[in-house]
Amino acid sequence: MTQQHPGEHMAAEISEQPAVLAGLVERQGEIAEVAEKISQKPPRFALLAARGSSDHAALYAKYLIEVLLGLPAGLVSPSTATLYGARPDLKDVLFVTVSQSGGSPDLIEVTEAARRQGALTVSVTNTPDSPLRAAAELGVDIGAGLEKAVAATKTYSATLLALYLFIDAVRGGKAADAQKLGDLAQQTLDGATEGVQRAVDRYRFVDRVLTTGRGYSYATALEGSLKLAETSYLAARAYSGADLLHGPVAAVDGETAVLAVTSAGHGGAAMGEVLEAVGKRGADVLAVGSASADVPAALRIPVAPTAEELAPILEILPIQRIALGLSLARGGDPDSPRGLLKVTKTR
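Residue numbers (full-length UniProt numbering): 1 to 347.
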């Protein structure tokens, strides 16, 4: 029996992402067929339900829906249905449930409840034969393949892309900006190798990390914080760049490491003021993104440029590698974080 080395599954699954993303783009037509059913009867607004990493993907989808479709969108609190029995009128509402496993009881229950209340329900899951897919009227298959590491990597980036392809197709798009995403992902991973190692060496003994971003990249900041916390057991917090200036910046000092997601576009441009503020307080800033060279930072990791709404799919890749490297450097095994299971069941 071959002995498993710490982190080997996470490392392999990070490396699989260019191929996974390229394969998903090739299935755009399949996803567009689901989107066409939405377009036939445009919804009044959209609601999204998710947990964990999928919740960050849902936040990304919220931005896509509001910006690209011009529809109001909100994130659901599943417990309002599962614990409190709330049954709002959801007629003509698009209800999207995002779950890599499709097995969490609360997400299944809230999807069933939404369908009974008149919503058009769509599951976005990596498990097409899951109970969640059975609960929803329509389904989008992420298609990332089996993920063995507890920390989500390829399923997260593939979920982002699946949501983009779905929402873009609802507006009649053909995923033109996503066609080379697989190549751009490989370019990003290859180009980040040196910067990732420098970041691991620099932050190996840090205790507090703050992640931040704006716009589409806020989802990356949240996911990056989760990855660092679950693999390296760091005290990591994520803030929108705007929210950071509304109070939490007071807690930033020379002992704080700040991971800032800064990609070209409106969100990245808005981060300049934020990083000037944390820099004045002595924070050590690591900038990740296609606009990382344009902001004040101690260390920068570039990301291949793309349309701003696609940037989160690439931004997260070097951050995943940082989480992997820090976990190993601190003596952990990111494939099996303590106290965590691959499928978390909540109600």
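By construction, the Cβ of each residue, glycine as well, lies at the ideal position given by its N, Cα and C atoms.
Close-in-space but distant-in-sequence residues of the same chain around residue i (CB under 8 Å, 5 per side omitted)
i	result
Ile14	Thr153, Lys154, Leu189, Leu317, Gln320, Arg321 and Leu324
Asp89	Gln117 and Gly118
Leu328	Pro6, Gly7 and Pro334
Val25	Leu161, Leu165, Ala175, Ala178, Gln179, Leu181 and Gly182
Tyr239	Leu210, Thr211, Thr212, Ala221 and Pro248
Leu31	Note that residue 31 is Ile in the sequence shown here, rather than Leu. Same-chain partners within the cutoff: Val140, Ala162, Leu165, Phe166 and Ala169.
Environment of residue i [buried if 16+ CB atoms lie within 10 Å]
i	result
Phe205	exposed
Leu75	exposed
Thr211	buried
Gly254	exposed
Ala250	exposed
His5	exposed
Gln28	buried
Leu94	buried
Lys174	exposed
Arg300	buried
Arg87	exposed
Ala176	exposed
Ala235	exposed
Thr256	buried
Gln100	buried
Gly85	exposed
For residue i, the residue or residues it bridges with in DSSP
i	result
Ala236	Val209
Ala46	Ala73 and Leu94
Ala250	Its beta-bridge partners do not exist; DSSP assigns none.
Gly139	Ser123
residue 349	This structure gives no information on residue 349, because the portion of the chain shown stretches from 1 to 347.
Leu259	Thr211 and Leu286
Lys99	It should be noted that the sequence gives Ser, not Lys, for residue 99. Note: Ser99 sits in a beta bridge opposite Thr125.
Sequence-distant residues of its chain with Cβ nearer than 6 Å to residue i (five each side left out)
i	result
His56	Ala219, Leu222 and Glu223
Pro43	Asp92, Val93 and Leu94
Ala73	Ala46, Lys62, Ile65 and Glu66
Pro128	Asp141
Met1	With a pLDDT of only 42 at Met1, under the threshold of 50, the placement of this residue in the model should not be trusted; the figure read from the coordinates follows. No residues qualify anywhere along the chain.
Element boundaries [beta strand (DSSP E), containing residue i]
i	result
Arg300	Leu299 to Pro302
Alpha helix (DSSP H) segment containing residue i, residue limits
i	result
Val150	Element bounds for Val150: n/a, residue is neither H nor E.
Gly23	Gln17 to Glu26
Ala114	Pro105 to Arg116
Lys41	That residue, Lys41, is in no alpha helix (DSSP H); it is neither H nor E in DSSP.
Gln4	Per DSSP, Gln4 belongs to no alpha helix (DSSP H) and is neither H nor E.
Leu184	Leu181 to Gly191
Ser54	Ser53 to Leu64
Lys280	Met271 to Lys280
Asp243	Gly241 to Leu244
Val318	What sits at residue 318 in the sequence shown is Pro, not Val. Start and end: Ala311 to Ala329.
Ala178	No alpha helix (DSSP H) holds Ala178; DSSP gives it neither H nor E.
Ala144	No alpha helix (DSSP H) contains Ala144, which DSSP labels as neither H nor E.
Leu81	The question names Leu, but residue 81 in the sequence shown is Ala. Start and end: Ser79 to Thr82.
Neighbourhood of residue i by C-beta distance below 7 Å, restricted to the same chain and skipping five residues each side
i	result
Arg237	Leu210 and Ser225
Gly279	Val285 and Pro296
Pro312	Tyr60, Leu160, Tyr216, Ser217, Ala219 and Thr220
Evaluate contact between the region 297-307 and the region 182-197, counting only Cβ atoms and requiring at least three cross-stretch pairs below 8 Å. Touching, per the Cβ criterion.
Touch test, the region 28-39 against the region 156-172, Cβ-Cβ under 8 Å, three pairs minimum: Using a Cβ-Cβ distance cut-off of 8 Å, the region 28-39 and the region 156-172 are in contact, since at least three pairs of beta carbons, one from each stretch, lie closer than that value.
Using 8 Å as the cut-off, can you tell me whether the region 282-293 makes contact with the region 262-270, which would need three or more C-beta pairs spanning the two stretches below that distance? Touching, yes.
With contact counted as at least three CB pairs below 8 Å, one residue from each stretch, are the region 134-151 and the region 69-84 in contact? Not touching, per the Cβ criterion.
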